[in-house]
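Chemist:
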Ligand code: UDP
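Residue numbers (my numbering): 2 to 409.
As structure tokens, then:
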């Protein structure tokens, strides 16, 4: 489904959309070719599905190609992904060979034609080998946190990355020191996607009914994979402190436990902790539950993201966009989104989380103000249209490399 850039005008303001058109004019007929490793599933594909047509609509030619690889290749890149996040998975020379082989195949079969070629994440990173032959401007857009990678793997990947004209990271904390230009572009959400669009109250009510959640009492929600780093156990403990004084309900909803043994163990632990309390709803959501997640977030009184460690934390952005007061663990990208006491609350402990939930329940007027600030913060900084602007600015900056300031 294609949504016009004009649909964003009432959301982000006419001035911002006009600015996008102006920036597009400065791109001078140059095109951008995005390349990643999957056409569906995952945040990168989700964003590209929307970004590419919107870029074209602004008059900048944008295309998107996907590399091909065997199951074996994707097992290797999955191990790479984990190892870049610092897991202890062993990285072998055979894996490097499989990576090189698939890279060679794609170099032969793929048409690399963009004036700017933006390569997303490690899987297609080896395509840079073509740069010597065809020139163009190349950017490596890294969506993952590579600040503490497996050393052997990073040395291998770095050989490719340093050949790019520029790197693009989501946050300074995720990046690596490199001898090439570095851009920082934070992730974004699409306000018109199923997960974030306005919903009819009747749909929200139907979801509450489906899960036997009482709309008449406060609802505390955390949407997350069942992962220890999201601290669902801590969430239940905080809820139990609050529950001594307030008649609240807790919704812990997430997926990803079925194919993840660790996730299944966490889920079981959480289910046991909540078993004696009918006001604790542990919901195992199937993939593609976007509208349901949207409804649960919109029905909430308070949204938690009590992570101990976090990437960017898109659930925080999503909840703020729905005008909810958000309480988040003081880690990763949550710290970028929550300005403590202004756009939400940052917490460091279970007791602190309970305390902030109680503050919100005690002073709904103040909670409303915080939620409003959070909404504006997202509108100004974390929507897809800002992402679009940043990618166009990268195109311009790459064309004029060397200059620190570019006047348009
Ligand atoms: N999400 C989902 N289903 C789930 C749990 C989460 O679709 O069962 C979505 C959630 O709404 C958000 C994303 O997955 O858009 C999670 O991103 P986040 O950055 O919060 O955490 P990650 O899971 O990437 O660590």
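The C-beta atom is built at its ideal place from N, Cα and C for all residues, glycine as well.
Measure the Cβ-Cβ separation of residue 105 and residue 61 and say whether it is below 9 Å.
Modeler: No, the Cβ-Cβ distance between residue 105 and residue 61 is not below 9 Å.
Chemist: Based on DSSP bridge pairs, tell me the residues matched to residue 168.
Modeler: According to DSSP, which records beta bridges pairwise, residue 168 is partnered with 141 and 183.
Chemist: Measuring CA to CA, which of 85, 144, 253 and 66 is closest to residue 34?
Modeler: Closest by alpha carbon: 66.
Chemist: Any heavy atom of the ligand UDP closer than 8 Å to the Cβ of residue 325?
Modeler: Not so, every heavy atom of the ligand UDP lies at least 8 Å from the Cβ.
Chemist: Can you name, in chain order, every residue of its own chain whose Cβ lies under 7 Å from the Cβ of residue 418, other than the five neighbours on each side?
Modeler: There is no way to answer for residue 418, as the model of the chain reaches only from 2 to 409.
Chemist: Please state whether the Cβ-Cβ distance between residue 312 and residue 344 is less than 9 Å.
Modeler: No, these two residues do not count as a Cβ contact at 9 Å.
Chemist: Could you spell out where the alpha helix (DSSP H) holding residue 275 opens and where it closes?
Modeler: Run containing residue 275: 262-275, per the alpha helix (DSSP H) assignment.
Chemist: Report yes if the CB atom of residue 169 is closer than 9 Å to the CB atom of residue 184, and no otherwise.
Modeler: Yes, the Cβ-Cβ distance between residue 169 and residue 184 is below 9 Å.
Chemist: Helix, strand or coil, according to DSSP, for residue 63 in the structure here?
Modeler: Residue 63 falls in the strand class under three-state DSSP.
Chemist: Taking 8 Å as the limit between beta carbons, can you name the residues of its chain near residue 206, skipping five residues before and five after?
Modeler: Answer for residue 206: 216, listed in chain order.
Chemist: Compute the Euclidean distance between the alpha carbons of residue 88 and residue 151, then round it to the nearest angstrom.
Modeler: Each residue's alpha carbon lies about 7 Å from the other.
Chemist: Distance check for residue 227 and residue 82, CA to CA, integer angstroms please.
Modeler: Going from the Cα of residue 82 to the Cα of residue 227 covers about 19 Å.
Chemist: Nearest to residue 279 by CA position, among 268, 252 and 409, is which residue?
Modeler: Per the Cα distances, 252.
Chemist: In the DSSP assignment, what are the bridge partners of residue 341?
Modeler: For residue 341, which the question treats as bridged, DSSP gives the partners 345.
Chemist: I'd like the span of the beta strand (DSSP E) that includes residue 323, first residue to last.
Modeler: Looking at the DSSP string, residue 323 is not in any beta strand (DSSP E), and its letter there is neither H nor E.
Chemist: Do the CB positions of residue 237 and residue 264 come within less than 9 Å of each other?
Modeler: Not closer than 9 Å, so no.
Chemist: Looking at the ligand UDP, does it come within less than 8 Å of residue 306, judged from the CB to the closest heavy atom?
Modeler: Yes.
Chemist: Taking 8 Å as the cut-off, is the beta-carbon of residue 312 closer than that to any non-hydrogen atom of the ligand UDP?
Modeler: Residue 312 Cβ: within cutoff of the ligand UDP.
Chemist: Leaving aside the five residues before and after residue 334 along the sequence, list all residues of the same chain whose C-beta is less than 7 Å from its C-beta, in chain order.
Modeler: Cβ neighbours of residue 334 beyond the five flanking positions: 172, 311, 312, 313 and 314.
Chemist: Provide the residue span of the alpha helix (DSSP H) that contains residue 1, from first to last.
Modeler: Outside the displayed range of the chain (2 to 409) lies residue 1, so it cannot be described from this structure.
Chemist: Cutting at 7 Å between CB atoms, please list the residues of its own chain near residue 165, excluding the five before and the five after it.
Modeler: Excluding positions up to five away in sequence, the list reads 129, 139, 140, 141 and 181.
Chemist: Measuring only the C-alpha atoms, how far is residue 99 from residue 368?
Modeler: So the alpha carbons of these two residues sit roughly 53 Å apart.
Chemist: What is the C-beta distance between residue 191 and residue 385, in whole angstroms, given that I count them as a contact (C-beta under 8 Å)?
Modeler: That belief holds up - the Cβ atoms of residue 191 and residue 385 are roughly 4 Å apart, short of 8 Å.
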